Structure formats: C-alpha cells, structure tokens
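Read through the structure below, which is laid out as structure tokens, and then see the notes.
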Amino acid sequence: MNKDRVKGTIDEVVGSAKREFGKLTGNTGTQVEGAVQQLKGKVENAVGKLKDAGHDAQAKINASDNSNGPVLVVHREVVISDDRILP
3 MNKDRVKGTI DEVVGSAKRE FGKLTGNTGT QVEGAVQQLK GKVENAVGKL
53 KDAGHDAQAK INASDNSNGP VLVVHREVVI SDDRILP
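Numbering of the sequence shown is given in this note's numbering, commencing with residue 3 and proceeding in unit increments.
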C-alpha cells in the first residue's frame, strides 16, 4: 500500500463524514464539500492501486528466471467482422 492509497482512504472517510454531517444539519455546502472530498479520495485510491500494480508487474519481470532476460507476455484478441453484402 502506497501513500496515494492511504491519503485516498483518509479523504474518502473524511468526505463521507462531512457529507453525512451536511445531511444531518441541512447544510448543502457541507454535503457538496464532502462529496467532492470523497470523490477525490476514490481517485487517489485508484491511482495508488495502479501504481501498486505497476510495481508488482515490475517485480515479476525482475524475478523472472529466464536466462534470456525478462519476458513480457501480452495477450491480444482480434475480432474480424465482415458485414459487407457480397454479390
């Protein structure tokens, strides 16, 4: 877990609390502020997850036992559709 995920989780929790407080008090501004902070936290958390995934992938490549160097396997799918009307 990296600092982006920690900060994102904190922002999500604080934003949620602000939003609920705004609902209880009828303060629309606080509700909006909380919702924005909650969304910011979700984005930070997602960025952190992407960074973690990148580090994990790099670690797998570096740990490869292949004597020819690291191997990156890419899976591709090709779909061909022929919608033309032939004479």
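Cβ atoms here follow ideal geometry from the backbone N, Cα and C, with glycine treated the same way.
Small disclaimer: the values here were computed from a predicted structure and weren't measured.
Exercise. Just checking my contact of residue 62 with residue 7 at CB under 8 Å: how many whole Å lie between their CB atoms?
Worked result: Here residue 62 refers to the residue found at position 60 of the sequence shown. Here residue 7 refers to the residue found at position 5 of the sequence shown. In fact, because the Cβ distance is near 20 Å, the residues do not count as touching under 8 Å.
Problem set entry | Status (buried if at least 16 other CB within 10 Å, exposed otherwise) for residue 58 | Here residue 58 refers to the residue found at position 56 when the sequence shown is read from its first residue. By the neighbour-count rule (16 or more Cβ atoms within 10 Å), residue 58 is not buried but exposed.
Exercise. What did DSSP end up calling residue 19 once you bin it into helix, strand or coil?
Worked result: Counting from 1 along the sequence shown, the entry for residue 19 is found at position 17. Three-state DSSP puts residue 19 in a helix.
For this session: Taking only the alpha-carbon atoms, compute the straight-line gap between residue 38 and residue 24 and give it to the nearest angstrom.
Result: Translated into positions along the sequence shown, residue 38 becomes position 36. Translated into positions along the sequence shown, residue 24 becomes position 22. It is roughly 13 Å from the alpha-carbon of residue 38 to the alpha-carbon of residue 24.
Problem set entry | Three-state class that DSSP yields for residue 28 in the structure shown | The sequence position of residue 28 within the sequence shown is 26, counting from 1. In the structure shown, residue 28 falls within a coil segment according to DSSP collapsed to helix, strand and coil.
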